[in-house]
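Residue numbers (the working numbering): 184 to 436.
Contents: one structure, followed by commentary.
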Ligand code: 13P
C-alpha cells in the first residue's frame, strides 16, 4: 500500500510573517490527518524558520530546487543538497516545469540534480509533464517518457529513482485553473508506472506518483481516488491553510 503524500510548493511566495501564520494554520488541522505524508516546500530563505516551527510536528520540509553539484564550491547563488539536509529538509523538488521552461533546465540537468539529491540523503520529488502544444500534438507519452528515461537509463539514476517520488504536472494545468480530468491524469500516471515497471516491477509498485496542476479542495478527492494517483503537489492552494488541509484530508484513507 502506497502512503499518500500531499506536498505544498510555495514557489516564490511568502514573508517571515506569512510563513509563521501559514504553518500555524496547517498545524492546527493536522490532528485529524492520519495516513498522509504532509510536506511543505517554502522558498530557501524561509527553510530555517520553517524548520524551527515544524520541529515538533509530523510535517516534513522540502526545498524547491538544488544545485547539481554536491557539497560546497564556487557556484554563486546556488544551494546544495547537503545544505538542504543541514537545514532539516527530507525532500527536494527537481525539474519543476518552471525550472525546465523558465530557466532552461534540460532533462540531463534535472537527472543530475535528482542523483545528487539522492546521494545527499534527500528524497527527490521528480517532476515531469507536457506543454499544451505537446499534448495537442499527441506527444504527451513521448515527452514524459523522455523525461523519465533521463533518470532511468543510468545506474546512478535508477538508484535515485528507487528513492524518489514522481510528480506528474501537465504544464497547461499549472496555475491556470484548468485541471486535468481524473481520467486524463490517471492515463498518464498509468503510463509512468508502466515505464517504471520496465525497469523493475517492485519500483513500479512502490513509487508514489503525485498529480499537480490546479488541485483544489473541490477536485482533490476525485483525483486522489484514481488507481495510480498517490497524492498531490499543490501550488496556489497550498498557500491557504484551510484549502491545503482540505486537500490533505481528501488524500487520507
Ligand atoms: P497550482 O496548484 O497553482 O496549479 O501549481 C501546481 C504546481 O506547479 C505545483 O508544483
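Cβ atoms here follow ideal geometry from the backbone N, Cα and C, with glycine treated the same way.
Mind listing, in chain order, the continuous beta strand (DSSP E) runs of no fewer than 3 residues lying wholly within the stretch 268-329?
DSSP runs (the beta strand (DSSP E)) wholly in the stretch 268-329: 274-277, 306-311.
Hey, residue 378 and residue 328 are a contact pair by Cβ (cut 8 angstroms); roughly how many whole angstroms apart?
Indeed, because the Cβ distance is near 6 angstroms, the residues count as touching under 8 angstroms.
How long is the line joining the alpha carbons of residue 346 and residue 301, rounded to whole angstroms?
Using only the alpha carbons, I get a separation of about 7 angstroms.
Alpha carbon to alpha carbon, how far is residue 360 from residue 314? Give it in angstroms, no decimals.
Cα to Cα, residue 314 sits roughly 15 angstroms from residue 360.
Compare the C-alpha of residue 230 against each of 270, 308, 426 and name the closest.
Of the listed residues, the one whose Cα sits closest to residue 230 is 270.
Starting from residue 438, trace the alpha helix (DSSP H) both ways and give me its first and last residue.
A question about residue 438 goes unanswered here, because the residues of the chain that appear run from 184 up to 436.
To the nearest angstrom, report how far apart residue 276 and residue 326 are at their CA atoms.
Residue 276 and residue 326: Cα-Cα distance of roughly 19 angstroms.
Do residue 281 and the ligand 13P come close, with the Cβ less than 8 angstroms from some heavy atom?
Yes, the Cβ of residue 281 comes within 8 angstroms of a heavy atom of the ligand 13P.
So, are the CB atoms of residue 232 and residue 292 less than 9 angstroms apart?
Not in contact: residue 232 and residue 292 (Cβ atoms no closer than 9 angstroms).
Heavy atom of the ligand 13P less than 8 angstroms from the Cβ of residue 192, yes or no?
Yes.
Cβ-heavy atom distance between residue 421 and the ligand 13P below 8 angstroms?
Result yes, Cβ under 8 angstroms from the ligand 13P.
Tell me the DSSP secondary structure of residue 340 in three-state form.
It is helical.
Inspect the beta-carbon positions of residue 220 and residue 187 and report whether they are closer than 9 angstroms.
Yes.
Please confirm whether residue 429 and residue 394 have their CB atoms less than 9 angstroms apart.
No, the Cβ-Cβ distance between residue 429 and residue 394 is not below 9 angstroms.
How long is the line joining the alpha carbons of residue 218 and residue 436, rounded to whole angstroms?
Residue 218 and residue 436: Cα-Cα distance of roughly 7 angstroms.
Looking at the ligand 13P, does it come within less than 8 angstroms of residue 397, judged from the CB to the closest heavy atom?
Result yes, Cβ under 8 angstroms from the ligand 13P.
Would you mind working out which of 387, 298, 311 sits nearest residue 282, comparing C-alpha positions?
The shortest Cα separation from residue 282 among 387, 298, 311 belongs to 311.
Whose CA, out of 381, 241, 299, 225, lies closest to the CA of residue 336?
It is 381.
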